[in-house]
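Structure first, then comments.
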Amino acid sequence: MRKAVTWGLFLAWLANDTEEWFTMAPWSQQNAARTGKRQLGPVWLREPVTSAQSHVAISLMGAFVLAAAARGAATGGRSRFFQSTLVGFGVHGFGHLALSAAHRGYTPGVATAPTVVIPYSLWAWRELGRQGVRRNDARTWLGAAVLLPASLAAVHSTARALTRPS
57 MRKAVTWGLF
67 LAWLANDTEE
77 WFTMAPWSQQ
87 NAARTGKRQL
97 GPVWLREPVT
107 SAQSHVAISL
117 MGAFVLAAAA
127 RGAATGGRSR
137 FFQSTLVGFG
147 VHGFGHLALS
157 AAHRGYTPGV
167 ATAPTVVIPY
177 SLWAWRELGR
187 QGVRRNDART
197 WLGAAVLLPA
207 SLAAVHSTAR
217 ALTRPS
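Position 63 (the sequence shown) corresponds to 119 in the working numbering; numbering is contiguous.
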């Protein structure tokens, strides 16, 4: 298994979340200040998020994705955890595009979604198949459907709790 497939998950995540590192807090504060518009998207994009909160959430997600990439590397891409994270990562790229369409403009992470997240995810999934790795298992897709919202909610709620003023 090529290391680019498994460790590439973390590198692609790093590209996407570097963009979010610098844009999430200012964008969320600007978006939350809008009046007279229905706010769309997850709570961390509807309410003001501090830089500290977004940085903690991004760091926690980084640990999660790094663990998935390491598990993928250790198993030659066969780990359901790795594959579910890969699928969820790709789907989250389409979420960025949908959220930007709904907002009719830029949202954090949308620049790297069509240029890094989605292309890497599709390439890695095809590459797993070329290498003879079993995929398209219903449990992998179910895992992605559970992991994606659960991990996002967990890192953002933990970040909010950790950065709440005392």
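Just so it is clear, CB atoms sit at the ideal spot from N, CA and C, and this is done for glycine as well.
Can you tell me whether PHE73 is buried or exposed? The criterion is at least 16 other CB atoms within 10 Å of its CB, across all chains shown.
If you number the sequence shown from 1, residue 73 lands on position 17. Reading off the sequence shown, one finds Asp at residue 73, where the question assumed Phe. Label assigned to ASP73: buried.
How would you write the range of the alpha helix (DSSP H) that ASN87 sits in, first residue to last?
As a first step, residue 87 must be located in the sequence shown, where it is residue number 31. Taken as a continuous stretch (DSSP letters only), the alpha helix (DSSP H) holding ASN87 covers 59-89.
Who are the Cβ neighbours of GLY165 in its own chain at under 7 Å, not counting the five residues just before and after it?
What you label residue 165 is simply residue 109 of the sequence shown in a count that begins at 1. Closer than 7 Å at the Cβ level, and outside the excluded window around GLY165, lie ASN72, GLU75, GLU76 and HIS152.
Start and end residues, alpha helix (DSSP H) containing VAL147
Along the sequence shown, read from residue 1 onward, the residue named residue 147 stands at position 91. Element bounds for VAL147: 136-159.
Close beta carbons around GLY64, own chain, < 7 Å, minus the five adjacent residues each side:
Position 8 of the sequence shown, counted from the first residue, corresponds to residue 64. Only residues of its own chain outside the window of five on either side were considered, and among them TYR176 and ALA180 have a CB closer than 7 Å to the CB of GLY64, listed in chain order.
If you compare alpha carbons, which of ALA88, SER107 and VAL211 is closest to MET80?
Locating residue 80 in the sequence shown gives position 24, where the first residue counts as 1. Taking only the C-alpha atoms, the option nearest MET80 is SER107.
Given PHE137 as reference, the closest of VAL105, GLY199, ALA194 and ARG190 once Cα atoms are compared
The sequence position of residue 137 within the sequence shown is 81, counting from 1. Per the Cα distances, GLY199.
6 Å CB neighbourhood of LEU122 in its chain, flanking five on each side removed:
Reading the sequence shown from its first residue, position 66 is the one you call residue 122. Same-chain partners within the cutoff: PHE66.
Measure how close the beta-carbons of LEU116 and ALA215 come, nearest whole angstrom, since I'm counting them as under 8 Å.
To locate residue 116, count along the sequence shown from 1; it is residue 60. To locate residue 215, count along the sequence shown from 1; it is residue 159. Confirmed, about 6 Å.
Should ALA169 go down as buried or exposed, given a rule of 16 or more other Cβ atoms within 10 Å for buried?
By 1-based counting over the sequence shown, the position of residue 169 is 113. It counts as buried.
Cα separation between ALA194 and PRO104?
By 1-based counting over the sequence shown, the position of residue 194 is 138. By 1-based counting over the sequence shown, the position of residue 104 is 48. So the alpha carbons of these two residues sit roughly 37 Å apart.
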